[in-house]
Amino acid sequence: TDADGTRTFDLGIQAGETRFLDGPATRTWGVNGSFLGPTIRAKKGEKVAFNVRNGLSEATSLHWHGMHLPADMDGGPHQTVEPGATWRPKWTVSQQAATLWYHPHLHGKTANHVYRGVSGMVVLDDERTAGLDLPGEYGVDDLPMIVQDRAFDGDNQFDEAVPLMSTGGVVGDEILVNGTRGPYVDVSTRLVRLRLLNASNARLYNFGFSDDRPFQLIGTDGGLLPKPWETTRLQLSSGERAEVVVAFSPGETVDLRSYPSGSGFNDRLGGSSDRLDLVRFRAGGDLRDETEVPQNLGTAPDLASTEIAQTRSFELNSRTINGATMDMNRIDFGVRVGSTEVWEVVNTNGYMHNFHVHDVQFQVLDVDGRQPPPHLGGWKDTVQLDPDRKYRLAMKFSDFTDPDVPYMYHCHLMLHEDEGMMGQFVVL
Ligand code: C2O
Ligand code: CU
Ligand code: CU
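So the sequence shown is numbered by this note's numbering: it starts at 908 and just counts up by one.
Here's what the structure looks like:
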């Protein structure tokens, strides 16, 4: 932290080697290490600054997924960091506590750069959330879970040439959590909070426990839900996050799994839809007791009753949005700062896509006219689009304007994004 209270993070994107399997090490990329990067933690109101050094031999970028920030700090395709260069974004964190993440966003290269290992988590705190009685000791009862799938070739290298690159993107049947294959956690408290992040290129996860125990969903992409929601399954598509709290009994062993999803989507991608074990939890004989999950968590999204300045329609089909593919030189539209808009998004493709918007957190007003399911009841920045349903998303654009530098909206299946399923808007 320097004199004016700015906290500066040094992030070096670099190539290295990581040992995931017996035999040869895998050539990987990472941030301040060989695979993935450090968790960045900051508080609402805090000034943050970054020295993002590109130590690779090719250009990349680093995008702050879920962050409300000026467009030229966003790290999208227009904020390229050339090899050897250092990019220095800075802003004041002005949003509520949430689990976000960072990853490269160079147009046409996102899938590739994320797959090699450049990603990390961002944990934002605020005073209100800190005052709640939730598990919150990082690494003890508050655990990041960066979930990724990989395919390895015969040489233990990441197989980027799987034929599936032509459909949804690469899908592998080896699972890494926080960069580790077959990880376990020794649990020392009764309640544990997991910050789940689907940082995979395409694979969908349908999270659940091996004994089908219920768990509490407490937060979605943009922060805590108004109330916890008890469930036994939770599906996250690429880019989505969730905070959940699970209870353990002394001495038990339970696995967090991904169960086949109802849609059969992973099958259609060509990856296995079988049950995949992700992380093993081994509870100690004596667990620190904690109180119950509080019933009042965050504040409910409240955009339903705001005046809507503009309604826009987005149709996702094949690799296009509204019939067009991404053009770095085309701004699709401008929105007015301070206004609330409703974006009606439909996937008419029969295939799976999701939809992510930069700069804002949105409220899912309804899905095909019906109230959204509980897991879509909080703030979101990425939403899975079941085919042929209309998702009405309300979002407010505030604080930052820039007539020249756009924000992105796109399908977060990283290959689709690279192939042009993306558009650009400016806030004026
Ligand atoms: Cu997670 Cu536009 O990205
Ligand atoms: Cu993003
Ligand atoms: Cu898509």
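Yeah, the Cβ is synthetic: ideal placement off N, Cα and C, and Gly gets one too.
The continuous beta strand (DSSP E) containing residue 933 extends over residues 933–938. A residue is called buried once 16 or more other Cβ atoms fall within 10 Å of its Cβ, and residue 1096 is buried on that count. Each residue's CA atom was taken as its position, placing residue 1260 and residue 914 some 37 Å apart. Here the region 1292–1301 makes contact with the region 1209–1228; the two share three or more CB pairs at distances below 8 Å.
Here DSSP, grouped into helix, strand and coil, assigns residue 963 to coil.
Counting along the chain, no alpha helix (DSSP H) covers residue 1329; the unbroken beta strand (DSSP E) around it starts and ends at 1329–1334. A residue is called buried when at least 16 other Cβ atoms come within 10 angstroms of its Cβ; residue 961 meets this threshold and is buried.
Exclusion of the five residues before and after residue 1224 leaves 1255, 1256 as the residues of its chain whose Cβ lies within less than 7 Å of its Cβ. Put simply, the region 1226–1239 does not touch the region 1150–1169. Fewer than three CB pairs are less than 8 Å apart.
Around the beta carbon of residue 1102, 16 or more other beta carbons sit within 10 angstroms, so the residue counts as buried. In the DSSP secondary-structure assignment, residue 1248 is bridged to 1217, 1302. The alpha-carbon separation between residue 1034 and residue 1143 amounts to approximately 28 Å. Less than 8 Å divides the Cβ of residue 1262 from the Cβ of residue 1316. For residue 974, the shortest separation between its Cβ and any heavy atom of ligand 1 does not lie below 7 Å. Contact annotation: residue 1139 and residue 1167 have beta-carbon atoms that are not nearer than 8 Å. Burial state of residue 1062 is exposed, judged by a 10 Å Cβ sphere holding fewer than 16 other Cβ atoms. Segment contact: the region 912–929 against the region 946–960, three or more CB-CB distances shorter than 8 Å; contact assigned. Within the same chain, Cβ atoms closer than 8 Å to the Cβ of residue 995 are found at 956, 957, 958, 959, the five residues on either side in sequence being excluded.
Contact annotation: the region 945–954 touches the region 987–1004, with at least three C-beta pairs closer than 8 Å.
For residue 1014, the shortest C-beta to heavy atom distance toward ligand 1 is 7 Å or greater. In this chain, the beta strand (DSSP E) harbouring residue 1314 covers 1314–1317.
Residue 1162 and residue 1087 have their C-alpha atoms some 15 Å from each other. Residue 1306 has its alpha-carbon roughly 22 Å from the corresponding atom of residue 1271.
The criterion of a C-beta distance shorter than 8 Å is not satisfied by residue 1296 and residue 1309. Per DSSP, the unbroken beta strand (DSSP E) holding residue 1113 starts and ends at 1112–1116. If you check the C-beta of residue 1028 against ligand 3, you find no heavy atom less than 7 Å away. Here residue 1150 is near residue 1006, since their CB atoms are less than 8 Å apart. An exposed status is given to residue 908, since fewer than 16 other beta-carbon atoms sit within 10 Å of its beta-carbon. For ligand 2, a non-hydrogen atom lies closer than 7 Å to the CB of residue 1263. Considering only 924, 948, 1046, 930, the residue with the shortest C-alpha distance to residue 940 is 924.
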